[in-house]
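K.L.:
Provided herewith is a single structure, encoded as structure tokens, for subsequent inquiry.
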Amino acid sequence: MKPRIWLNLALLLAVVGLASLLYFKPQSNAPSEYRLSTLQASDIQSITIDKPAGLNLEKRDHSWFITRPFVARADTFQVERLLEILSATSKQRFPANDLKRFDLDQPQARLTLGKHAFSFGALNPLTAEQYVATADNVYLVSPRYGAAAAVPPDNFLNHLLLANNEMPTGFDLPGYKLARVNGAWSVSPAPAELSQDQLNRFADDWRHAYSSASEPANPAPGAEQIRIMLDNGGSVLLHVLQKRPQLILLRDDEMIAYHFPGDVAKRLLDPFAAASKAQK
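Numbering of the sequence shown is given in our numbering, commencing with residue 1444 and proceeding in unit increments.
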């Protein structure tokens, strides 16, 4: 066989091999997953849930607040659960042409992050994923995103009695007054001596008081009151709705009741009882 024929045959085999490689190679420009949004959590300053229950959240000075159906500090963890859908991805994407097919004509939940809306529909019986409509497309994602938007508004309440930036400098309690002047605490009346460490622990118990439940409530006429002075010059007024079997304190500025177990009540209401328990 002439050398020219061998050369042509080699070129033919090379072309066939290259064609096969291009034919069977996966398409690199075809995404394996679709992201539901290009927004970042830090971009969001407002959140609305208009189904199943009405809820508005607003970001102020890096903290989240509930503005509807009541006004109160929001639980950061619950808010972050809502924002997680911004980074969600899906292996399936469909045009949002037939919403009824996915039960998205009347969605189970509807969430708006900033101006980006998400509607949650039926569960896919094969993948156990939920259909979500957003930006003219329908995706399949984990049902946890829809579950985060379907909880009652009360679940978004912050369980910390005092905000992180509320530093106590004084307490006007039923039976006791405490004040911190030039970094040192004093208490009156003082049936026993308390060290500065003990008084600091008492103030920290208030600062980090975390309720077992929080709910909107109304003040009870004639209820005892507690006023906590803050280092910014302000104060927090509390109504004592109940002392036993659990302590229930109502923040006057929020109209939110915070529930505490009985052993926590003793530590918060009596600095000497708190010190005595700490010594045991």
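Glycine included, each C-beta is placed from N, C-alpha and C at the ideal position.
This one's a predicted model, so the numbers in the text were calculated from it and none came from an experiment.
In whole angstroms, what separates the C-alpha of A1590 from that of L1621?
P.N.:
For the purposes of this step, residue 1590 is identified with residue 147 of the sequence shown, where counting begins at 1. For the purposes of this step, residue 1621 is identified with residue 178 of the sequence shown, where counting begins at 1. A1590 and L1621: Cα-Cα distance of roughly 45 angstroms.
K.L.:
Residue ranges of each alpha helix (DSSP H) run of no fewer than 4 residues wholly in the segment 1514-1567, ordered along the chain?
P.N.:
Runs found: 1519-1526.
K.L.:
What residues match up with G1613 in a beta bridge as DSSP calls it?
P.N.:
Translated into the one-based positions of the sequence shown, residue 1613 becomes position 170. Answer is A1622, M1672, bridged to G1613.
K.L.:
Report the partner residues of K1709 according to the DSSP bridge assignment.
P.N.:
Here residue 1709 refers to the residue found at position 266 of the sequence shown. None, per the DSSP bridge assignment.
K.L.:
What are the partner residues of P1659, as DSSP defines its beta bridges?
P.N.:
The residue labelled residue 1659 in the question sits at position 216 within the sequence shown. DSSP, once it has assigned bridges, lists I1699 as partnering P1659.
K.L.:
Please tell me whether R1710 and D1615 are closer than 7 angstroms, where the distance is taken between their beta carbons.
P.N.:
Along the sequence shown, one-based indexing puts residue 1710 at 267. Along the sequence shown, one-based indexing puts residue 1615 at 172. No, Cβ-Cβ distance for R1710 and D1615 is not below 7 angstroms.
K.L.:
Tell me the residue span of the alpha helix (DSSP H) that contains A1576.
P.N.:
In the sequence shown, the residue the question calls residue 1576 occupies position 133. Element bounds for A1576: not the alpha helix (DSSP H) but the beta strand (DSSP E), 1573-1577.
K.L.:
For the alpha helix (DSSP H) holding Q1641, just list the boundary residues, first then last.
P.N.:
Counted from its first residue, the sequence shown places residue 1641 at position 198. First-last of the alpha helix (DSSP H) with Q1641: 1639-1650.
K.L.:
Whose CA, out of D1674, S1585, S1654, lies closest to the CA of F1703?
P.N.:
Here residue 1703 refers to the residue found at position 260 of the sequence shown. Checked all of D1674, S1585, S1654; the closest Cα to F1703 is S1654.
K.L.:
Leaving out the 5 sequence neighbours to the left and right, which residues in its chain are closer than 6 angstroms to S1562 when beta-carbon positions are compared?
P.N.:
Within the sequence shown, the letter at position 119 stands for residue 1562. Closer than 6 angstroms at the Cβ level, and outside the excluded window around S1562, lie L1547, P1550, R1553, A1576.
K.L.:
Between the segment 1519-1529 and the segment 1582-1596, can you find at least three pairs of beta-carbon atoms closer than 8 angstroms?
P.N.:
Yes, they touch.
K.L.:
Which term fits G1564, buried or exposed, when burial requires 16 or more other beta carbons within 10 angstroms of its beta carbon?
P.N.:
As a position in the sequence shown, residue 1564 is number 121, starting the count at 1. With 16 or more other Cβ atoms within 10 Å, it is buried.
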